[in-house]
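Residue numbers (the working numbering): 85 to 520.
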């Protein structure tokens, strides 16, 4: 196809050449007969006209031919990452110095196609998904490589400053300290949460949600602990909420913040249901599992904080490629995933190892190390939500092996997700209140 702007320019140049040639011919035909030798003034007039007409013709033809770009995109393969805007095309393909046009080739014979058009510039606009995977074990090295990947000084400076680690919020520090105290009781937890009024309001709002169907009115953090959620859940809920507010979020749109909290609320709710179905002798710690669910997408916030110039590209490609895992897109664009940075940061904040492992390994089905059940819970919960049409990801096949690895049955898993779908209005209400 030919770009409209190029067609317009070519038309203007060619019409200009035709008009000048026409009036030149008219003038010369009036001034002297054809069989006479041209006068010196006529010769000069002809030469001046040619100097103008010939470049106009060449430029016009060049714009019609040289600026044409052909686009061939094959989207039928579900394992391809596909850019979805013209700007992505310009970012991801080489620019020809001799012929200003682009050719997008997916996986189908780029050499043969290039032979059709002279001086064509070819390049890959799709990336096979298997090439996007990252090594689950080299987070620190990957982060350093990612810093070195960017050549712009301003980006390097921002990375260097940010990777010195944002401070852990005071409210989160107090909660972590309380967690380490074996003698901590309900009053201690109430006092710690209520130091931060906005955090206390969120905990009370969470407990007062129709989702929990608590009798009577929930008026305080103490009520939320004693009557609805319990000590362990409030402890981890408060920690998850405090961490969610620890970053500036200046690069994130309100709709994206809503999306983050919706993912947090729904994933935690599914995990809450799944843990309740696991036999007691193999059941993971409820609080750790719930906190892992709340923070499952914490890397999304970290990416916005660490890589603001590239966060928009990540968001755009993610929305245009729901069939590709977010982590694969992040790895492709930045060289590091949000899960890697988040787990590295949480580890430096001395967060529980269960949560660090859960976030880092949530997309690694082959992980068989310590605390694997927490990672598998996140992966299963997000798969169930996607299959139920909740969230932006494509659904996927969940086989019996994945379910049985957590000592669950398909019937139990089906019951959990059906309850979540039925309570979606209540969960949406909780998520909406978390942004404040």
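For each residue, glycine too, the CB sits at the ideal point set by N, CA and C.
1) Looking at the structure shown, is residue 498 part of a helix, part of a strand, or coil, going by DSSP?
2) Hey, residue 335 and residue 382 are a contact pair by Cβ (cut 8 Å); roughly how many whole angstroms apart?
3) Closest to residue 311 by CA distance: which of 370, 296, 323 is it?
4) On the three-state DSSP scale, how would you describe residue 151?
5) Start and end of the alpha helix (DSSP H) containing residue 310?
6) Cutting at 6 Å between CB atoms, please list the residues of its own chain near residue 284, excluding the five before and the five after it.
7) Three or more C-beta pairs closer than 8 Å, one from the segment 462–476 and one from the segment 353–362: is that the case here?
8) Are the Cβ atoms of residue 514 and residue 293 separated by less than 8 Å?
9) Hey, residue 313 and residue 373 are a contact pair by Cβ (cut 8 Å); roughly how many whole angstroms apart?
10) Please work out which residues of its chain come closer than 6 Å, Cβ to Cβ, to residue 252, disregarding the five sequence neighbours upstream and downstream, and give them in chain order.
11) Between which two residues does the alpha helix (DSSP H) carrying residue 365 extend?
12) Taking the beta carbon of residue 329 as the centre, do at least 16 other beta carbons fall within 10 Å, making it buried, or is it exposed?
13) Whole-angstrom Cβ separation of residue 264 and residue 323, contact assumed at under 8 Å?
14) At which residues does the alpha helix (DSSP H) containing residue 315 begin and terminate?
15) Considering only residues of the same chain and omitting the five flanking positions on each side of residue 474, which have a CB-CB separation below 8 Å?
16) Taking the alpha carbon of residue 410 as the reference point, which residue from 365, 272, 476 has its own alpha carbon closest?
17) Secondary structure at residue 184, three-state DSSP: helix, strand or coil?
18) Using beta-carbon positions only, say whether residue 450 and residue 423 come within less than 8 Å of one another.
By the coordinates alone:
1) Helix.
2) Wrong, their Cβ atoms sit about 15 Å apart, outside the cutoff.
3) 296
4) The predicted model places residue 151 with a pLDDT of 43, which falls under 50 and marks its position as unreliable, so this point remains unresolved.
5) Where residue 310 is concerned, there is no enclosing alpha helix (DSSP H), given that its DSSP letter is neither H nor E.
6) 277, 278, 305
7) At 8 Å Cβ cutoff, the stretches touch.
8) yes
9) Beta-carbon to beta-carbon, residue 313 and residue 373 are separated by about 14 Å, too far to satisfy the 8 Å threshold.
10) 433
11) For residue 365, there is no enclosing alpha helix (DSSP H), as DSSP marks it with neither H nor E.
12) It is buried - the Cβ of residue 329 has at least 16 other Cβ atoms within 10 Å.
13) The distance from the Cβ of residue 264 to that of residue 323 is about 12 Å, inconsistent with a contact at the 8 Å cut-off.
14) 315–328
15) Taking residue 474 as the centre and dropping the five residues before and after it, the same chain places the C-beta of 350, 504, 505, 508 closer than 8 Å to its C-beta, in chain order.
16) 476
17) Residue placement at residue 184 cannot be trusted, given a pLDDT of 39 that sits under 50; what the coordinates show is reported in the next sentence. It is coil, neither helix nor strand.
18) no
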